[in-house]
Every structure is written in structure tokens, then in C-alpha cells.
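Asker: First residue of the sequence shown? That's 155 in the working numbering, and the numbers climb one at a time after it.
Sharing a structure here in C-alpha cells format.
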Amino acid sequence: MSRRSSDGVTVRTPVPGDETPLHDLTTGHFAGDTDYTVDLGLDDPRTHVRVAERDGRPVGSMALSVHDDRTALREELCLVDTVEPVAAVDRYGLLETGYVRRDHTGEGIGARLLERLHVVGRREGVDAYVVDAWFHGGPDSPERLFDDHGYAVVHRHSIAGHADGVCSKCGPDCVCEAALVVRDDRDDAEDQ
């Protein structure tokens with residue numbers, strides 16, 4: 155199901171043929187590192203991908219992978235190597251590959267994708283959402299997005315200097331951090 159907003163952005167599930175445009179959208183954030191595989195989750199019932207499009211062209215995407223144990227959650231993390239700061243719950247929702255085209259940053263597209271995946275997470279019984287996030291000095295750093303949606307940073311460490319040369323997000327004075335960000339939804343579920 156997809157819904158078009160007043161600004162012409164539709165959020166929908168992925169379709170065959172989205173692989174290349176989503177690959178390009180994602181790797182466009184990686185300073186020339188295009189050795190990245192985009193998994194649309196079409197064959198994985200635990201993975202839920204949402205695509206934001208405008209005028210028939212993907213302008214953002216985000217995925218939610220549902221896990222029933224901390225070991226499986228830990229194995230999926232890329233930037234942070236621990237789940238110790240995350241409370242033990244019955245079901246985790248790992249948010250990943252959240253990217254919006256640079257020319258669409260600041261339009262609320264990331265928020266719409268995140269909110270749509272929260273709906274999926276409630277349907278799937280997710281107790282806590284976890285993000286293995288890359289915070290940086292660019293205008294599209296996701297730190298404010300997650301803060302605005304009730305997430306707490308439970309771990310962060312510097313990854314400044316991660317790039318060969320100038321950081322694609324921060325410029326010459328890199329302030330990049332890897333962050334483990336969590337939203338516990340157990341109380342919300344009890345209120346509904």
C-alpha cells in the first residue's frame with residue numbers, strides 16, 4: 155500500500171527494479187564506495203523496506219528487520235559492536251539503510267519513512283527499536299530525526315578519520331560518530 159502526500163511524495167513497499175536506484179541512493183552517501191549490496195527484503199519476512207518516491211523516482215528508503223533475540227540483533231550491527239546498553243526485550247526492530255537523496259534533505263521524508271516503519275513494528279510486536287547510526291557533521295545527519303522521535307543514544311564513539319581523505323559529510327574537520335540509538339516501545343504498547 156502506498157500513500158501520496160500533498161508534496162507528491164509516496165511511501166510504498168519496494169518493487170522489482172528498485173535495486174539499482176536504491177543502490178545509487180544509498181551509495182551516494184559513501185564518498186565513492188559503491189561496493190554495497192542493497193537488499194530489498196522481498197524474500198525475507200523479517201525485513202520490511204519502505205521506499206519514498208516523488209515523480210516515480212525513489213528519493214528515500216529505510217528498512218526494519220525484526221529479531222527475537224539479542225544475538226541475532228548483534229550480528230546485524232555494522233558500526234557498533236555491542237548490544238549491552240540495549241534492554242532485554244522479547245522483540246527488537248533494527249532500523250537500517252535509512253537514506254534520503256541529498257537534494258531532498260530537510261523535507262520530512264526520513265520522518266515519514268520512520269513513522270511508517272513504526273506502524274509496521276507495532277503490527278510485528280516490536281518492543282524496542284534499535285539503530286546502528288552514523289552521526290556526522292552534514293545537514294542530513296540522522297541524530298535530530300531520532301531524537302525528535304523519542305530515541306535515546308545509549309552508546310557513541312568517534313569514527314572521525316574513517317575516510318581516506320576528506321569526509322564526504324563533514325569536510326576536512328570530521329566529527330563522525332557511530333551511535334547505538336534505542337526507542338523502547340513497551341510502555342506505548344501497554345497504553346494502546
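Beta carbons: idealized from backbone N, C-alpha and C, even for Gly.
The beta strand (DSSP E) with L334 in it runs from where to where?
Answerer: If you number the sequence shown from 1, residue 334 lands on position 180. Start and end: 331-338.
Asker: Quick one, which of G325, D222, V320, R266 has its alpha-carbon nearest D302's?
Answerer: Position 148 of the sequence shown, counting from 1, holds the residue named residue 302. Nearest option by C-alpha distance: R266.
Asker: Figure out for me which residue from V329, L218, V284, D327 has the closest Cα to the Cα of V273.
Answerer: For the purposes of this step, residue 273 is identified with residue 119 of the sequence shown, where counting begins at 1. Out of V329, L218, V284, D327, L218 has the C-alpha closest to the C-alpha of V273.
Asker: Buried or exposed for S215, please, with buried defined as at least 16 other CB atoms from any protein chain shown within 10 angstroms of its CB.
Answerer: Within the sequence shown, numbered from 1, the residue matching residue 215 stands at position 61. Buried: at least 16 other Cβ atoms inside 10 Å.
Asker: To the nearest angstrom, how far is it from the Cα of G304 to the Cα of H202?
Answerer: On the sequence shown, residue 304 is found 150 positions in, with the first residue counted as 1. On the sequence shown, residue 202 is found 48 positions in, with the first residue counted as 1. The C-alpha of H202 is placed about 21 Å away from the C-alpha of G304.
Asker: What residue from R200, A242, D178, C324 has the CA that sits closest to R255's CA?
Answerer: For the purposes of this step, residue 255 is taken as residue 101 along the sequence shown, with counting starting at 1. When only C-alpha atoms are compared, the closest one is D178.
Asker: Apart from the five residues on each side of it in sequence, which residues of its chain come closer than 6 Å, Cβ to Cβ, to R270?
Answerer: Residue 270 sits at position 116 when you count from the first residue of the sequence shown. If we look at R270 and ignore the five residues flanking it on each side, its Cβ neighbours are V165, R204.
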